[in-house]
Each structure stands twice: as structure tokens, then as C-alpha cells.
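J.: Attaching a single structure in C-alpha cells format; questions to follow.
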Amino acid sequence: MIGNEDSFISHLVELRSRLMKATVVVIAIFLCLMPWAGEIYDFLARPMMLALPEGSKMIATGVITPFLIPVKVTMLVAFIISLPWVLYQLWAFIAPGLYAHEKKLIAPLVVSSSALFMIGVAFCYYFVFGVIFHFINNFAPKSISVAPDIDSYFGFVMTMFIAFGLTFEVPVIVIVLVRMGLVSVEKLKQIRPYVIVGAFVIAAIVTPPDVMSQLLLAVPLCVLYEIGLLLAPLFVKITQAPKESESI
């Protein structure tokens with residue numbers, strides 16, 4: 013009992029240490045970026061501004077919103093930049109419970125997870141936003157003056173970034189599930205129809221209510237799922253331990 017309690021406390025201390033290390037880096041990057049908070053928000057708003065009629069601007073309805081929203085955007089950018097370090101802290105916390113050959117997977121998983129998340133965010137920003145915003149603004153009646161609120165815009169952008177970032181993590185999730193033996197590739201292939209349906213349901217919930225934006229999320233999710241199914245057996249074969257009795 014006492015040994016279990018000591019072990020539990022030591023895990024909590026280790027978790028606290030990892031969270032502190034991740035938080036310090038995020039805050040440090042955030043403070044370095046703060047002088048350019050306005051420019052960072054302008055960059056984030058660029059897809060919307062390009063879709064709006066010439067001369068249009070976004071609006072701020074709150075008293076402190078013109079200050080608060082750029083700060084939030086800067087924090088989001090700081091988190092994305094520091095994502096490799098944050099994921100490393102997560103994997104390093106898990107590492108003591110892994111076999112020696114499994115610990116070697118930390119670096120590839122951190123790099124691939126970070127890269128895929130950023131690719132998902134970039135895909136959303138450079139391609140999806142342009143399609144969605146142009147569609148919405150072209151569909152709007154001529155009697156309406158389109159002037160999005162920056163608070164609502166930030167909330168929408170956050171939701172879309174998270175959705176596409178996590179969508180592009182699907183290959184990593186599939187590979188990890190198969191490598192840990194939680195599910196087989198054959199089982200994942202059997203549930204493929206349910207995954208496709210689920211992809212379109214998630215897309216319908218997350219994206220605006222138009223077919224184009226739903227396809228832009230659902231189709232990549234299905235494609236990335238198939239990529240995960242192709243890579244998982246290769247990854248398992250490469251990283252398979254030579255002996256099941258390998259020590260931790």
C-alpha cells in the first residue's frame with residue numbers, strides 16, 4: 013500500500029514537472045511574440061479579408077476585444093510553435109512505462125505528430141478558409157453588409173484549426189493503436205464503413221452547414237485513415253522487439 017502510494021505521488025510529481033516545462037516554453041514564446049500581436053491577428057484574418065468586399069473591415073463589439081483577441085491569437089500561435097516540445101514532454105512522461113525499443117519511438121512520434129498537426133492547420137488556413145469564406149460571402153444577399161465580429165471569427169478559426177489539426181493526426185493514432193496491440197489492422201479495415209460515416213458526421217458538426225466545407229474535412233479524414241492502415245503494418249514490423257522478454 014505504502015509503495016503504491018509513493019509510486020503514485022512520484023508520478024504526480026513527474027507530471028507536474030513535465031507540465032511546468034511545457035508551460036514555461038509556451039509562455040516564453042508568447043511573450044516574445046506579443047510585440048507583434050496586431051500583425052499576427054492581421055495575418056490570421058487575411059483569408060476573411062480577401063473574401064470580403066473591397067473596403068470592408070471586421071468589427072469589435074466588446075470594449076477590450078480589440079486587445080484581448082490579438083492576445084488570444086498570439087497565445088494560439090505560441091502553442092503551435094511550441095507543440096513539438098509539449099508533445100515531447102507528454103511522451104517523456106509515458107516513456108518510463110515502455111520497453112527500451114518502444115522508447116525509441118518517442119522522437120519519430122513527436123516529430124510526425126507535430127508535423128501533421130501543423131500541416132492540418134496550414135491546409136485549413138491556406139485552402140479551406142479561402143473556399144468557405146468566398147462561398148459564404150458570395151452567397152450573402154446584396155442587401156446585407158458583411159462585417160464579421162473578431163471574437164466570433166476567432167472562435168470559428170480555433171474550432172476549425174483544432175478539427176483539421178486532429179484530423180491530420182489520424183495516421184499516427186492508427187499506427188499507435190496497432191503498435192500497442194489495442195486493435196488489429198484487420199479490425200480497423202472491417203470498421204471502415206463506420207469510420208467513413210463518422211467522418212461525415214463529425215464534419216457536419218464542426219464545419220459550416222455547406223457541402224463543400226464538410227467534404228473538405230471528411231475526405232481528408234478518410235484518406236488519412238487509409239494511409240494509417242497502409243503504414244501501420246510496416247511500422248509494427250520495423251519496431252517489433254526482437255524478444256518479448258526485453259526489459260523496461
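Take the sequence shown: its position 191, counted from the start at 1, is 203 in this note's numbering, and no numbers get skipped.
Each residue gets a CB set at the ideal place from its N, CA and C atoms; glycine is no exception.
Just to confirm, is the Cβ distance from residue 124 to residue 96 under 7 Å?
T.: no
J.: In whole angstroms, what is the alpha-carbon distance linking residue 173 and residue 132?
T.: 7 Å
J.: Using CA atoms only, rank isn't needed, just tell me which of 229, 41 and 212 is closest to residue 141.
T.: 229
J.: Mind checking whether residue 225 and residue 156 have CB atoms under 7 Å apart?
T.: no
J.: Buried or exposed, going by whether 16 or more other CB atoms sit within 10 Å of the CB of residue 236?
T.: Buried is the call here.
J.: As an exercise, report each continuous alpha helix (DSSP H) stretch of at least 4 residues that is fully enclosed by the segment 45-82, in chain order.
T.: 49-63
J.: Between the beta-carbon of residue 105 and the beta-carbon of residue 30, is there less than 7 Å?
T.: yes
J.: May I ask you to list the residues that DSSP assigns as paired with residue 161?
T.: 71
J.: Between which residues of its own chain and residue 160 is the CB-CB distance below 7 Å, once the five residues before and five after are set aside?
T.: 60 and 70
J.: Going by C-alpha to C-alpha distance, which of 52, 170, 152 and 101 sits closest to residue 34?
T.: 101
J.: Just the Cα atoms here: how many angstroms apart are residue 256 and residue 82?
T.: Annotation note: pLDDT 45 at residue 256 (below 50); position unreliable, no value reported.
J.: I'd like the list of long-range same chain contacts for residue 139, defined as Cβ closer than 8 Å, with 5 residues on each side in sequence excluded.
T.: 228
J.: Would you tell me roughly how many angstroms separate the C-alpha atoms of residue 189 and residue 206, rounded to the nearest one?
T.: So the two alpha carbons sit approximately 17 Å from each other.
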